[in-house]
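Residue numbers (our numbering): 208 to 502.
Using N, Cα and C, we set each Cβ at its ideal position, and we do this for glycine too.
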């Protein structure tokens, strides 16, 4: 409720909500994923948990494993600090793991409680904008190795790029009151200028060009960032409609959003045997993550 924020509860109180209400949201998303994939909890070999908007030690994946009834021998990898790029990065790391262990099954689980980072004392324009577009959510994805009996699209390549001298473009400062957003107005211009070269270089390594893509699975960073994607890659207006619709309906859920856009793309745009999508997101670093989805 609004009154809770006006009381300036501080980071400790916000983090307690992250560890309780956030955990409930995470478990719900993971159970839904397992049910949709018709996968038994006992089939999961590795858990990658990604989040930036709260902290816990042990990280929430430990409780997630217990609540889902996963095997006690499951390995786990908590990932913190990648922000909006976390969903894309975690998928790429899951794919890397499955290439090394082709008989394994990975559960990727993302949780973001962006509303808990609101600072009532921060009256800056960036904080107002962030409060308007950021929201809370959780998502989960199962990634299987090539030697399992699963079917569906494949993640055939992944790429990362860390921009030089860019640590103040996007991120969070930890202050006494909580987490204070770092968001440079230069971000859309950087995306527009740098994205074409990054995409072309990444695709060239796979022997592809933009003409070989059938779709873009893009993180909805905000209206200006979506425009920067479209202008930078010279895309037609309808190319990012799933990303725009996600932003309109749910807002920016940080690492969670691109996973939800991926689900929508697979359900409405993916053509089995002929689909090839580029999944991408930008996050703190300032960094870019890209994954090629095919099959």
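Distance between residue j and residue i (C-alpha atoms, nearest Å)
i           : j           : result
residue 244 : residue 349 : 8 Å
residue 286 : residue 301 : 12 Å
residue 448 : residue 460 : 17 Å
residue 298 : residue 498 : 8 Å
residue 415 : residue 470 : 24 Å
residue 454 : residue 490 : 17 Å
residue 309 : residue 303 : 10 Å
residue 211 : residue 384 : 14 Å
residue 325 : residue 480 : 44 Å
residue 422 : residue 249 : 34 Å
residue 424 : residue 352 : 22 Å
residue 228 : residue 342 : 14 Å
residue 433 : residue 394 : 11 Å
residue 340 : residue 332 : 13 Å
residue 381 : residue 472 : 35 Å
Option nearest residue i by Cα separation, candidates the options
i           : options               : result
residue 371 : 493, 235, 405 and 218 : 493
residue 502 : 465, 341, 420 and 390 : 420
residue 417 : 443, 433, 225 and 430 : 443
residue 390 : 376, 292 and 382      : 376
residue 435 : 368, 392 and 307      : 392
residue 320 : 338, 482 and 330      : 338
residue 230 : 217, 273 and 430      : 273
residue 405 : 485, 430 and 241      : 485
residue 483 : 362, 240, 468 and 334 : 362
residue 445 : 386, 359, 265 and 476 : 476
Cβ shell of residue i (< 6 Å), same chain only, five flanking positions each side left out
i           : result
residue 409 : 366 and 497
residue 373 : 493
residue 426 : 291, 464, 465 and 488
residue 232 : 345
Exposure of residue i, with buried meaning 16 or more beta-carbon neighbours within 10 Å
i           : result
residue 400 : exposed
residue 312 : buried
residue 452 : exposed
residue 456 : exposed
residue 396 : exposed
Cβ-based neighbour list, residue i, same chain, cut-off 7 Å, excluding 5 preceding and 5 following
i           : result
residue 237 : 271, 275, 314, 316 and 347
residue 288 : 259 and 491
residue 402 : 436, 439 and 440
residue 334 : 326 and 388
Same chain, Cβ closer than 8 Å to residue i, five either side skipped, listed in chain order
i           : result
residue 412 : 364 and 366
residue 180 : Residue 180 cannot be examined here, being either before or after the span of the chain that is shown, 208 to 502.
residue 269 : 283
Integer Cβ distance of residue i from residue j, believed to fall under 8 Å
i           : j           : result
residue 251 : residue 277 : 5 Å
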